[in-house]
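**Q** If you're matching positions, the sequence shown starts at 139 in the numbering used here and goes up one per residue.
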Amino acid sequence: MKLIQILGPGCARCEKLKQNAEEAVKRAGIEAMVEKITDINVITGFGVMMTPAIVIDGQVKAMGKVLSPEEIQQLLA
């Protein structure tokens, strides 16, 4: 099972990235847990300075932009 973490303070862009991640998981037909992290200490612990950011299995894959479900699906492949 993959772990997908959405990092951000809770803004609309962060929420959209979470929705897109959930849609990508559904389309890919894989088992994954999508969680949202708003704790600034955890976010900076990943080295992220721009939100929203997406982390897959502990690796930061993108920051500062809202990826589409298709883009996230490519990262999961």
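Glycine residues also receive a C-beta, built at the ideal position from the N, C-alpha and C atoms.
1) Taking the Cβ atom as the reference point for each residue, do L155 and I144 lie within a distance shorter than 8 Å?
2) For A170 versus I210, is the C-beta spacing smaller than 8 Å?
3) What are the complete alpha helix (DSSP H) segments, minimum 4 residues, inside the region 143-207?
4) Compare the C-beta of I192 with all C-beta atoms of chain C and state if any pair is closer than 8 Å.
5) Determine, using beta carbons only, whether L214 and I194 come nearer to each other than 8 Å.
**A** If we stick to the structure as given:
1) Here residue 155 refers to the residue found at position 17 of the sequence shown. Here residue 144 refers to the residue found at position 6 of the sequence shown. In contact: L155 and I144 (Cβ atoms closer than 8 Å).
2) By 1-based counting over the sequence shown, the position of residue 170 is 32. By 1-based counting over the sequence shown, the position of residue 210 is 72. Against a cut-off of 8 Å, the Cβ pair of I210 and A170 comes out as no contact.
3) Listed in chain order, the alpha helix (DSSP H) elements of length 4 or more contained wholly in the region 143-207 are 150-166 and 178-183.
4) You won't find chain C in this structure, because it holds only one protein chain.
5) Numbered from 1 along the sequence shown, position 76 holds the residue referred to as residue 214. Numbered from 1 along the sequence shown, position 56 holds the residue referred to as residue 194. It is a contact, given that the beta carbons lie within the stated cut-off.
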